[in-house]
Amino acid sequence: MAALGSPLRTLRGLLRELRHASGRAGRPYRRTPAYRHVVATFRAHRVTSEKLCRAQQELHFQAATYLCLLRSVREHAALHQEYHGKGERSPEEIAGLVGFRLPQQPGGKG
Amino acid sequence: PPERKRFYQNVSISQGEGGFEINLDHRKLKTPQAKLFTVPSEALAIAVATEWDSQKDTIKFYTMHLTTLCNTALDNPTQRNKMQLIRAAVKFLETDTVCYRVEEPAALAELQKNEWDPVVTWAEKRYNVAIGSSTSILGPNIPASTKETFVSHLASYNMWALQGIEYVITQLKSLILSMGLIDRHITVEKAVLLSRLEEEYQIQRWGSVEWAHDYDLCELRARTAAGTLFVHLCSESSTVKHKLLQD
């Protein structure tokens, strides 16, 4: 089994990511299906104890994987917004970058 | 094309005849080919619903990896059957990242040996096969018996899980690293690190460029994590009997 660290830490990280993942301010994140499912699963299978049996380890791995997914998606989206989110410049802006102005052609290209 | 605005308030899941469905307000989510979006696992449905509920003003499809994987499983746009998927997956072994070694620079060759040898050895022991590694441009010579062992092993997975496995292999460019993940021998972070070993080596030497390196790293982690989670959720004994997963 992969080295996963503390299950409690995974759980905390996961719940934190779920809080970030709430797109709309309306519904409290604790009432989302995902939050409920994660908490219920950890509780039901006692995945926070010190020594885990095989089934618990598998659940911990699943939780750690989901945590990685949520965290990476959030980080990737943030990077995308910062570096790739502004779209293209208009032709006027591009011309302006090198000191030109686009010609006026009121009648079209003719 | 302009991004699609979030057009729904509430996301919920419900259980239909075929499995679990996603509701966007009163509308049922459909696949790109207009089929009803149904998944065999409740946990998977909840995770997909979370993707949709995470969208703020616009829907960023490029962040919704689980939704994409389910759509692929439901629509099967490449029209491949189980054996074609398996053969495509196993074919990757011939160009498996962890088997392809450099001779220079010496530091990178050493890094590859230290980081990749253990996972190759693990796979050889776990599956009782010979794999090895090679510095030849032709790559390693994988015995036919090794390939057949992996073909047999992958045949034990259902079609949904196989879509996920093939997806992870394509992302990591390695069958061995993917099996390491599926078998829970390594974490997603570790698998991605091992897949990107040469990039990481170059980054340590020359520095990191956030808008390229970190961007790629996060994207690969996200896709790999999604694929792995997808495989495990579709292979759980509670899900496996579901008729959606019958070939």
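Line by line, the protein sequences give chains A and B. Its first residue numbered 96, the first sequence is counted upward by one per residue in my numbering. Its first residue numbered 1308, the second sequence is counted upward by one per residue in my numbering. Just so you know, even glycine gets a beta-carbon here, dropped at the ideal spot from N, CA and C.
**Asked** For B/LYS1420, which of helix, strand or coil comes out of DSSP?
**Response** helix
**Message:** Taking the beta carbon of B/VAL1355 as the centre, do at least 16 other beta carbons fall within 10 Å, making it buried, or is it exposed?
**Reply:** buried
**Message:** Would you say A/CYS148 lies against chain B (beta-carbon separation less than 7 Å)?
**Reply:** no
**Request:** Confirm, please, whether the CB-CB distance from B/LEU1551 to B/PRO1339 is below 7 Å.
**Result:** no
**Prompt:** With 7 Å set as the bound, which would you pick, yes or no: does the beta-carbon of B/GLU1543 sit closer than that to a beta-carbon of chain A?
**Reply:** no
**Item:** N-terminal and C-terminal residue of the beta strand (DSSP E) that A/SER101 is part of
**Value:** From DSSP, A/SER101 is part of no beta strand (DSSP E); its letter is neither H nor E.
**Message:** I'd like the span of the beta strand (DSSP E) that includes B/VAL1318, first residue to last.
**Reply:** 1318-1322
**Item:** Nearest-angstrom Cα separation, counted from B/PRO1447 out to B/GLU1401
**Value:** 6 Å
**Request:** Please classify B/GLU1526: is it buried, with 16 or more other beta-carbons within 10 angstroms of its beta-carbon, or exposed?
**Result:** buried
**Message:** Starting from B/GLU1617, trace the alpha helix (DSSP H) in both directions and tell me its first and last residue.
**Reply:** A query on residue 1617 of chain B cannot be resolved here, the shown segment of chain B reaching from 1308 to 1554 and no further.
**Asked** B/SER1441: buried (16+ other C-beta within 10 angstroms of its C-beta) or exposed?
**Response** exposed
**Prompt:** Per the contact definition of three or more C-beta pairs closer than 8 Å, is the region 1491-1506 of chain B in contact with the region 157-172 of chain A?
**Reply:** yes
**Request:** Note down, in chain order, each residue of its chain lying with its Cβ closer than 7 Å to the Cβ of B/SER1485, except the 5 sequence neighbours on either side.
**Result:** ILE1472, VAL1475, ILE1476, LEU1479
**CB of B/VAL1297 within 7 Å of CB of B/ILE1393, strictly** = Outside the displayed span of chain B (1308 to 1554) sits residue 1297 of chain B, for which this structure offers no information.
**Asked** In chain B, which residues lie with their C-beta within 8 Å of the C-beta of A/LEU110?
**Response** Within chain B, no residue comes near A/LEU110; the closest Cβ sits about 13 Å away, beyond 8 Å.
**Interface residues of the region 162-184 of chain A facing chain B [CB-CB below 9 Å]** = LEU162, CYS163, LEU164, LEU165, ARG166, SER167, VAL168, ARG169, GLU170, HIS171, ALA172, ALA173, LEU174, HIS175, GLU177, TYR178, HIS179
**Below-7 Å beta-carbon distance, A/PRO201 vs any chain D residue** = Here the protein chains are A and B, and chain D is not one of them.
**Asked** Is the Cβ-Cβ distance between B/PHE1537 and B/LEU1331 less than 7 Å?
**Response** no
**Request:** Residues of the region 1467-1501 of chain B with a CB closer than 8 Å to any CB of chain A: list them in chain order, please.
**Result:** ARG1491, HIS1492, ILE1493, THR1494, VAL1495, GLU1496, LYS1497
**Message:** So, at 7 Å on beta carbons, what are the nonlocal neighbours of A/ALA116 in its own chain, with the 5 sequence-adjacent residues on each side left out?
**Reply:** LEU165
**A/PRO123, enclosing alpha helix (DSSP H) - first and last residue** = From DSSP, A/PRO123 is part of no alpha helix (DSSP H); its letter is neither H nor E.
**Prompt:** Hey, B/VAL1409 and B/TRP1423: beta-carbon distance below 7 Å or not?
**Reply:** no
**Cβ pair A/CYS163, B/ALA1532 closer than 7 Å** = yes
**Prompt:** Cβ of A/GLN151 less than 7 Å from any chain B Cβ?
**Reply:** no
**Asked** If you compare alpha carbons, which of A/SER185, A/MET96, A/HIS175 is closest to B/PHE1368?
**Response** A/HIS175
**Request:** Give the residues of chain B in contact with A/HIS132, contact being defined as C-beta atoms less than 7 Å apart.
**Result:** ALA1350, ILE1353
**Item:** Buried or exposed (CB count within 10 angstroms, at least 16 for buried), B/GLN1513
**Value:** Sequence inspection shows Trp at residue 1513 of chain B; the Gln mentioned does not correspond to that position. Classification for B/TRP1513: exposed.
**Item:** Whole alpha helix (DSSP H) elements within the region 1487-1548 of chain B, 4-residue minimum
**Value:** 1495-1502, 1504-1513, 1522-1542, 1544-1547
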